[in-house]
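Here the working numbering is used: the first residue of the sequence shown is 10, the next is one more, and so on.
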Amino acid sequence: MIRKAKISDIKELQKLINFYAERGEMLPRSLNELYENLRDFLVFEEKGEILGCCALHVSWEDLGEIKSLTVKSGYTGKGIGKKLIEGCLKETKELGIKKVFALTYKPEYFKKEGFRKIEKDELPHKIWSECINCPKFPDCDEVAMLKEM
């Protein structure tokens with residue numbers, strides 16, 4: 010089941026995200042960052058266990074970002090990531106967001122979900138404010154993907 014994240018989920022979300030971050034597959038998230046952005050997160054829960062998460066962050070008047078999409082090891086390939094993205098895209102429609110982007114190391118996955126590759130400089134400069142804290146700054150190797158709603 011997809012639901013909004015709760016305070017009690019944060020430590021589990023950090024474990025899920027940082028498991029893949031330690032492998033260089035996504036960016037790490039601090040507890041502070043997760044608490045501050047709690048309202049952005051959806052989780053996929055089954056039998057009381059969190060199996061995945063994804064965030065939709067509003068970046069600008071018509072632009073949202075999908076962040077921290079992850080599925081617990083051993084549960085990939087079961088459609089959980091797809092359901093999380095669909096949940097975020099439903100929110101974009103409710104909020105009136107016209108475009109949604111993702112910065113990812115797995116562009117082929119997002120392509121299957123209807124996103125197309127774009128150059129990073131097509132995105133507004135405002136979205137890069139978070140990048141200054143990234144361990145890979147200024148040598149970002151993520152791929153920018155965009156979906157128009």
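C-beta: ideal position from N, C-alpha, C; glycine also.
- Short of 7 angstroms from the beta carbon of residue 71, and not among the five residues preceding or following it, lie these beta carbons of its own chain, in chain order: 106, 107 and 108.
- According to DSSP, residue 126 shares a beta bridge with 154.
- Between residue 47 and residue 97, the gap from beta carbon to beta carbon reaches 7 angstroms or more.
- For residue 113, DSSP records a beta bridge to 152.
- Counting along the chain, the unbroken alpha helix (DSSP H) around residue 19 starts and ends at 19–30.
- Residue 64 is bridged by DSSP to 50 and 76.
- Residue 14 and residue 53 do not touch by the CB rule: their CB atoms are close to 11 angstroms apart, not below 8 angstroms.
- Check the Cα spacing between residue 55 and each of 81, 36, 104 and 34: the tightest is with 81.
- For residue 13, the enclosing beta strand (DSSP E) covers residues 11–13.
- Taking C-alpha positions only, residue 154 is separated from residue 34 by approximately 16 angstroms.
- A residue is called buried when at least 16 other Cβ atoms come within 10 angstroms of its Cβ; residue 85 does not meet this threshold and is exposed.
- Ranked by Cα distance from residue 112, the options 18, 104 and 127 are led by 127.
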